[in-house]
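Just so we're aligned, residue 37 is where the sequence shown starts under the numbering used here, counting upward by one.
Notes follow once the structure below has been shown.
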Amino acid sequence: MDLRSKVMRIVIRVGLTLGLVCLLWLVWVAMKGSIALAADPTGIGGTADAAIDYVWILVCAFLVMFMQPGFAMLEAGFCRAKNATNLMTKNLMDFVIGSLTFFLVGYAIMMGGDWHGLWGTEGWLMLGDYYDVDLYLNMFWMLVFCATAATIVAGAVAERLKFKAYLIYSVVVSAIIYPIYGHWVWGGGWLSTLPFGLGALDFAGSGVVHAIGGLVGLAGAMVLGPRFGKYDRNGKPQAIPGHSITLATLGVFILWFGWFGFNPGSTCNAHHLRISVIAVNTNLAAAAAAL
């Protein structure tokens, strides 16, 4: 069986499993009579300022989502040609799986109320009172951050992690790790209420997104070890050149562009005019790092 057939079989199995879990959940809550369906939210009655803020947040969220192909191009360009398809598929699937799992359970754990400062307990499947335009906007914003945290790991474990294992990892990060830590910092959890000034503050996800992705990636790299052929028999490191600097360069530009959604967009307010300062700082940081 060729690689494409194997990938399709795995994708179908994961899709069917998630669909079955969702169906069983709906049956369970229906039997308990705990589904409170809300009226279709129209958003009518919002102010002009609110509409501008909505558009601002959504456009920035689209830019953050656009970082997914940036990661895919960067990682595929720096890997060997034989592994490019595997890496591209992983970057696609972590967004697919992240979108479904975060919508089903992740947002509820992250932002759905609070249980002793540890995790949320309501808002499953975004039903009931959570079927609301404000909450859907917030969910989508948190979702693209979740996908970024998940896809960071793909580069750290490139050319070493099996596809099935990566799918399982994507579920764990999107449904458990990112939502729980996100709740601690952004959802009213214990870190946000520490008795030191304003508690733990995190602008644009330096901890919730990038530290989570980096630490999980580090753990994966430590467990998997180096790529085959990275060291010779004497322990001397060997260069493993990427197969396409063109793809890698394109990925860098896409990621650079996406950061203008990540950082200025984290104001969540189009009327916060310091977004210009944030944009300039973001650009200067990227340019300085490139040197």
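Backbone N, C-alpha and C define an ideal beta-carbon position, used for all residues, glycine too.
None of the values given here were measured: they were computed from a predicted structure.
Could you give the C-beta distance for residue i and residue j, rounded to a whole number, given that I count them as a contact under 8 Å?
i	j	result
Leu99	Gly297	3 Å
Gly156	Asp150	6 Å
Gly142	Ser206	With 8 Å as the limit, Gly142 and Ser206 do not qualify as a contact, their Cβ atoms being about 11 Å apart.
Ser228	Ala236	6 Å
Ala192	Gly253	3 Å
Ala306	Asp168	20 Å between Cβ atoms; not a contact.
Tyr214	Ala185	5 Å
Asp130	Thr187	5 Å
Pro273	Lys266	6 Å
Phe107	Leu291	7 Å
Met146	Gly218	4 Å
Leu154	Gly224	11 Å between Cβ atoms; not a contact.
Gly159	Ala144	4 Å
Leu260	Leu197	6 Å
Per DSSP, which residues does residue i bridge with? Please list them.
i	result
Tyr35	An answer regarding residue 35 cannot be provided, because it is not within the stretch 37 to 327 covered by the chain.
Tyr267	Pro273
Trp155	Trp151
Can you tell me where the alpha helix (DSSP H) holding residue i begins and where it ends?
i	result
Met101	84 to 101
Val316	311 to 326
Val132	120 to 137
Asn299	281 to 301
Cys182	169 to 192
Met147	143 to 147
Is there a C-beta anywhere in chain C that falls below 7 Å from the one on residue i?
i	result
Ile93	The chain inventory of the structure shown lacks chain C, comprising one protein chain alone.
- [ ] May I have a chain-ordered list of the alpha helix (DSSP H) segments no shorter than 4 residues that lie completely inside the region 204 to 254?
- [x] 214 to 222
Open item on the list: Quick test of the definition: if touching needs 3 or more C-beta pairs under 8 Å, does the region 238 to 245 touch the region 166 to 176?
Closed with: no
Task: At least three beta-carbon pairs within less than 8 Å, the region 94 to 113 to the region 123 to 130 - done: Short answer: they touch.
Task: Any 3 or more C-beta pairs closer than 8 Å across the region 301 to 315 and the region 83 to 97 - done: yes
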